[in-house]
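> Right, I'll just put the structure down here and ask away after.
Residue numbers (the numbering used here): 2 to 406.
See below:
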């Protein structure tokens, strides 16, 4: 807020709207303690109200909204909501509409998948949202998997792995030589791990220890146990019995999807194959913890220690959870920024609240810069050719005119 006050001209402070949206972390807190969640929102709202902006309120957005706003952000930045112009017909036709990108979002507490499916009929009404943007209707599939963000997924895995142990987990998702102690209360003090608490109803020991063994394939097998793929009441599902139509088209993967892949140097289009990712993770996860600390000394220990898990989790989620294949993997584009703007749900949230994307197509579609330049060059060439022909004709010898008579 202080940065906003410095960047925005003082004369425009009172005209600048401010919106606050809270996501999965607050959704989890509201499930656990609704009164505390309301108190936090009220305190934050009170703090923001002290600034000279037009504060529009704070609220916890739903998982569907979070997924949809990410989808809006990507396609707005890529220009997918506007329609292509033909060179000779400046009014766009229905067939010229560009295909939208799907959106893959991974946070700490939840993950979202959003896209326009090929088949508009849906088998689950609570996974569909409808938008009308620039005169076109979009039936968007979206679902948010609460507790399947990378941080909560790790806590679920640890809770599962702790069963039947004496308080020590030999974990293949952490590097050999790595040690971490955690309080049992920290592990089970969350809705996402509550289902595992029955195993230790009296918490027999106050803390437990993680000892890394660094093995990608064992790590992957452990992670896959988090996804229940045995039950599906629909024609196709993701996991845990949630309807998912077959993913189709291009997808933009952002937030933790991008940050983890960027660290592993797997964001370039040429290197983004699932086999390349498997090879990278096999090598990375097997590296001793001491070696990693020396090589990546500037990276915080928590993040560095969890990249093996996070990368393996992303691979399992995309292939086994969302059912991307070796062939469709090339359609996943890991995005940090588009046109110098960070990709995330926040821009879509703002665009929706401020009605900056019209529901109907503008009466006159402005020319793009490239189209304008092309037309100017074309008209200039025609003009030059006309002048040359005119000069040629009017400077012909007199006998030329006689022959024409």
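Using N, Cα and C, we set each Cβ at its ideal position, and we do this for glycine too. Every value quoted in this text rests on a predicted model; they were computed, and no experiment measured them.
Exposed or buried, which one is residue 1 when buried takes at least 16 other CB atoms within 10 Å?
Since the first and last residues shown for the chain are 2 and 406, residue 1 lies out of range.
> Kindly confirm or deny that the stretch 153-169 and the stretch 121-130 touch, where touching means at least three C-beta pairs closer than 8 Å.
Segments in contact, no.
> Let's see if you can read the secondary structure: which residues bound the beta strand (DSSP E) around residue 131?
Numbered from its first residue, the chain shown carries residue 131 at position 130. Looking at the DSSP string, the run of the beta strand (DSSP E) that includes residue 131 is 129-134.
> Would you list the one or two residues that DSSP bridges to residue 102?
As a working note, residue 102 is residue 101 in the chain shown. DSSP output for residue 102 lists no bridge partner at all.
> What span of residues does the beta strand (DSSP E) with residue 112 cover, start to end?
In the chain shown, residue 112 corresponds to position 111, counting from 1. Where residue 112 is concerned, the enclosing beta strand (DSSP E) stretches over 111-116.
> Residue 107 and residue 318 - do their beta-carbons sit closer together than 9 Å?
As a first step, residue 318 must be located in the chain shown, where it is residue number 317. As a first step, residue 107 must be located in the chain shown, where it is residue number 106. Contact: yes.
> Hey, residue 252 and residue 334 are a contact pair by Cβ (cut 8 Å); roughly how many whole angstroms apart?
Translated into positions along the chain shown, residue 252 becomes position 251. Translated into positions along the chain shown, residue 334 becomes position 333. Confirmed, Cβ separation roughly 7 Å.
> What does the Cβ neighbour count give for residue 57, buried or exposed, with the cut at 16 atoms within 10 Å?
Numbered from 1 along the chain shown, position 56 holds the residue referred to as residue 57. Flag for residue 57 reads exposed.
> Grab the span of the alpha helix (DSSP H) containing residue 3 for me, first residue to last.
Within the chain shown, numbered from 1, the residue matching residue 3 stands at position 2. Counting along the chain, the alpha helix (DSSP H) containing residue 3 begins and ends at 3-8.
> Give the DSSP-derived three-state secondary structure of residue 193 in the structure shown.
Your numbering for residue 193 matches position 192 in the chain shown. Reduced to three states, the DSSP call for residue 193 is helix.
> Between the Cα of residue 244 and those of 72, 146 and 101, spot the shortest distance and give me the residue it belongs to.
Position 243 of the chain shown holds residue 244. Nearest C-alpha to residue 244: 146.
> Residue 45 to residue 17, Cα distance in whole Å?
Looking up residue 45 in the chain shown gives position 44. Looking up residue 17 in the chain shown gives position 16. C-alpha separation (whole angstroms): 18 Å.
> Per DSSP, what are the beta-bridge partners of residue 27 in this structure?
Residue numbering aside, residue 27 sits at position 26 when the chain shown is read from its first letter. Paired residue(s): none; residue 27 is not in a bridge.
> Taking the alpha helix (DSSP H) that residue 147 belongs to, which residues open and close that run?
Indexing the chain shown from 1 puts residue 147 at position 146. Premise fails: residue 147 lies in the beta strand (DSSP E), 137-147, not in any alpha helix (DSSP H).
> Since residue 230 and residue 321 are thought to touch, with beta carbons under 8 Å apart, how far apart are those beta carbons, to the nearest angstrom?
Residue 230 sits at position 229 when you count from the first residue of the chain shown. Residue 321 sits at position 320 when you count from the first residue of the chain shown. About 7 Å; that satisfies the 8 Å criterion.
> Kindly examine the ligand MN and report whether one of its heavy atoms sits closer than 8 Å to the Cβ of residue 20.
Among the components of this structure there are no ligands whatsoever, and the ligand MN is therefore not found.
> According to DSSP, is residue 353 helix, strand or coil?
Stepping through the chain shown from its first residue, residue 353 is reached at position 352. Reduced to three states, the DSSP call for residue 353 is helix.
> Quick one: using the 10 Å Cβ neighbour count with 16 as the cut-off for buried, is residue 11 buried or exposed?
Locating residue 11 in the chain shown gives position 10, counting from the first residue. Exposed, since its Cβ has fewer than 16 Cβ neighbours within 10 Å.
> Taking buried to mean at least 16 other C-beta atoms within 10 Å of its own C-beta, is residue 190 buried or exposed?
For the purposes of this step, residue 190 is taken as the residue at position 189 of the chain shown. Result: exposed.
> Do you know offhand how far residue 364's Cα is from residue 349's?
Taking the first residue of the chain shown as 1, we reach residue 364 at position 363. Taking the first residue of the chain shown as 1, we reach residue 349 at position 348. Note on residue 364: pLDDT 49, under 50, position unreliable in the model; no value is reported.
> How long is the line joining the alpha carbons of residue 296 and residue 225, rounded to whole angstroms?
Counting from one through the chain shown, the residue named residue 296 turns up at place 295. Counting from one through the chain shown, the residue named residue 225 turns up at place 224. Roughly 30 Å separates the two Cα atoms.
> Using the C-alpha atoms, what's the distance from residue 118 back to residue 3?
As a working mapping, residue 3 is identified with position 2 in the chain shown. As a working mapping, residue 118 is identified with position 117 in the chain shown. Distance between the alpha carbons of residue 3 and residue 118 is about 42 Å.
> Any idea what DSSP makes of residue 229, helix, strand or coil?
The count along the chain shown starts at 1 and reaches residue 229 at position 228. The answer is coil: DSSP assigns residue 229 none of H, G, I, E or B.
> Kindly indicate which three-state DSSP category residue 277 falls into: helix, strand or coil?
The count along the chain shown starts at 1 and reaches residue 277 at position 276. Residue 277 falls in the helix class under three-state DSSP.
> Could you pull the DSSP bridge partners for residue 180 from this structure?
As a working mapping, residue 180 is identified with position 179 in the chain shown. The partner list for residue 180 (beta bridge, DSSP) reads 212.
> Nearest to residue 336 by alpha carbon, out of 256, 208, 326 and 315?
For the purposes of this step, residue 336 is taken as residue 335 along the chain shown, with counting starting at 1. If we check each option's Cα against that of residue 336, 256 comes out closest.
> When you compare the CB positions of residue 156 and residue 194, do they come within less than 9 Å of one another, or not?
Reading the chain shown from its first residue, position 155 is the one you call residue 156. Reading the chain shown from its first residue, position 193 is the one you call residue 194. Closer than 9 Å, so yes.
> Is residue 217 helix, strand or coil when you go by DSSP?
Here residue 217 refers to the residue found at position 216 when the chain shown is read from its first residue. It is helical.
> Just to confirm my understanding: we take residue 267, look at its own chain, exclude 5 residues before and 5 after, and list those with CB closer than 8 Å. What are they?
Within the chain shown, numbered from 1, the residue matching residue 267 stands at position 266. 273, 277, 278, 281 and 335, listed in sequence order.
> Leaving out the 5 sequence neighbours to the left and right, which residues in its chain are closer than 7 Å to residue 173 when beta-carbon positions are compared?
The residue given as residue 173 occupies position 172 in the chain shown. Correct list, in chain order: 214, 215, 216, 219, 220 and 223.
> Going by beta-carbon coordinates alone, are residue 23 and residue 60 separated by less than 9 Å?
Here residue 23 is taken as the residue at index 22 of the chain shown, counted from 1. Here residue 60 is taken as the residue at index 59 of the chain shown, counted from 1. The answer is yes: Cβ separation under 9 Å.
> If you draw a straight line from the alpha carbon of residue 5 to that of residue 19, how long is it in whole angstroms?
The residue labelled residue 5 in the question sits at position 4 within the chain shown. The residue labelled residue 19 in the question sits at position 18 within the chain shown. Cα-Cα distance, rounded: 10 Å.
> Can you tell me the Cα-Cα spacing of residue 9 and residue 54, whole angstroms?
Your numbering for residue 9 matches position 8 in the chain shown. Your numbering for residue 54 matches position 53 in the chain shown. Approximately 10 Å, taken between the alpha carbons.
> Smallest Cα separation from residue 69: which of 131, 182 and 196?
What you label residue 69 is simply residue 68 of the chain shown in a count that begins at 1. Ranking 131, 182 and 196 by Cα distance to residue 69 puts 131 first.
> Taking the Cβ atom as the reference point for each residue, do residue 176 and residue 288 lie within a distance shorter than 9 Å?
The residue given as residue 176 occupies position 175 in the chain shown. The residue given as residue 288 occupies position 287 in the chain shown. A contact, by the Cβ cut-off of 9 Å.
> For residue 43, is the classification buried or exposed, using 16 other Cβ atoms within 10 angstroms of its Cβ as the cut-off for buried?
The sequence position of residue 43 within the chain shown is 42, counting from 1. Exposed: under 16 other Cβ atoms inside 10 Å.
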